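Asks: Before we start, here is the structure in question, set down as structure tokens.
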Amino acid sequence: CLDELVYDDLGDDTPPPLRVSLQSNGTLGNLAYADEDVLAYNNGWSIVFDGSAHGLPKDVDALAILGDGSLLLSPDAPLNNLPGIGGAVVDDSDIVRYVPATGQYSWYFDGSDVGLTTAAEDIDALAVLPDGDLLISTLGGVAVPGVSAADEDVLRFHGATGSNATSGAWSLYIDGSDISSALGSVDALAVNGSNVYLSAED
């Protein structure tokens, strides 16, 4: 199952390369991958981020790629001892930034600071809008200041990111029931220009 996807905006009519992280270990042709890896598809599959080789032992539950090539990652379970962060626990409602050039992680978004506190509020889909606002969808129902939503909805966060001191405001960005009454949990998001792509369980 698709766990997360990212399209690279090339700014023209070229089909954008696809980046994905999958929910379980497996193989694509002769390529073996793990659920903590990020794969790229461009006339064939390749691994562009080997999670276990970079100190990430847990499934990547949500993924976005910034313009400088750094990765925003949210794990599917709490973890610690990430290079650059150390013993602080990164929860499944948090987002860290990984910089390939340094091999280091840093805090990007602390979900508990802005109301993501329950097991159902695990971030399982993530994207970044051109203005820098975050789009997220959660594993289950979510209630944050000003907004209640279901797992088929997408929330928008506008505020201070880039550290573990997170503040800002939430709004409803996509009401999944407006798309389909049978839409399942949104488990992957991507933004390419003015387009938003999503993958749902049903």
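Numbering (our numbering), first residue to last: 948 to 1149. In this text, a Cβ means the ideal position worked out from N, Cα and C, and glycines have one as well. Just so you know, these numbers come straight off a predicted model, no measurement behind them.
Between the alpha carbons of V1061 and D1080, how many angstroms are there, rounded?
Replies: Position 114 of the sequence shown, counted from the first residue, corresponds to residue 1061. Position 133 of the sequence shown, counted from the first residue, corresponds to residue 1080. Going by the C-alpha atoms only, they are around 14 Å apart.
Asks: Compute the Euclidean distance between the alpha carbons of L1082 and T974, then round it to the nearest angstrom.
Replies: Indexing the sequence shown from 1 puts residue 1082 at position 135. Indexing the sequence shown from 1 puts residue 974 at position 27. Their backbone Cα atoms lie some 30 Å apart in a straight line.
Asks: Evaluate V1075 with the Cβ neighbour count: other Cβ atoms within 10 Å of its Cβ, from every protein chain shown; 16 or more gives buried, anything less gives exposed.
Replies: Indexing the sequence shown from 1 puts residue 1075 at position 128. So V1075 ends up on the buried side.
Asks: Of the residues D1069, E983, L1013, which one's Cα is nearest the Cα of V1089?
Replies: Along the sequence shown, read from residue 1 onward, the residue named residue 1089 stands at position 142. Of D1069, E983, L1013, the residue nearest in Cα terms is D1069.
Asks: Distance, Cα to Cα, G1140 vs G1123?
Replies: Translated into positions along the sequence shown, residue 1140 becomes position 193. Translated into positions along the sequence shown, residue 1123 becomes position 176. Each residue's Cα considered, the two are about 21 Å apart.
Asks: CB A1096 to CB G1106, shorter than 8 Å?
Replies: Within the sequence shown, numbered from 1, the residue matching residue 1096 stands at position 149. Within the sequence shown, numbered from 1, the residue matching residue 1106 stands at position 159. Result no, Cβ atoms of A1096 and G1106 do not sit closer than 8 Å.
Asks: Does DSSP classify V1061 as helix, strand or coil?
Replies: The residue labelled residue 1061 in the question sits at position 114 within the sequence shown. Correct three-state label for V1061: helix.
Asks: By alpha-carbon positions, which one of S968, S971, D1038, Y1120 ends up nearest to L1026?
Replies: Here residue 1026 refers to the residue found at position 79 of the sequence shown. Selected option, being the one with the closest Cα: D1038.
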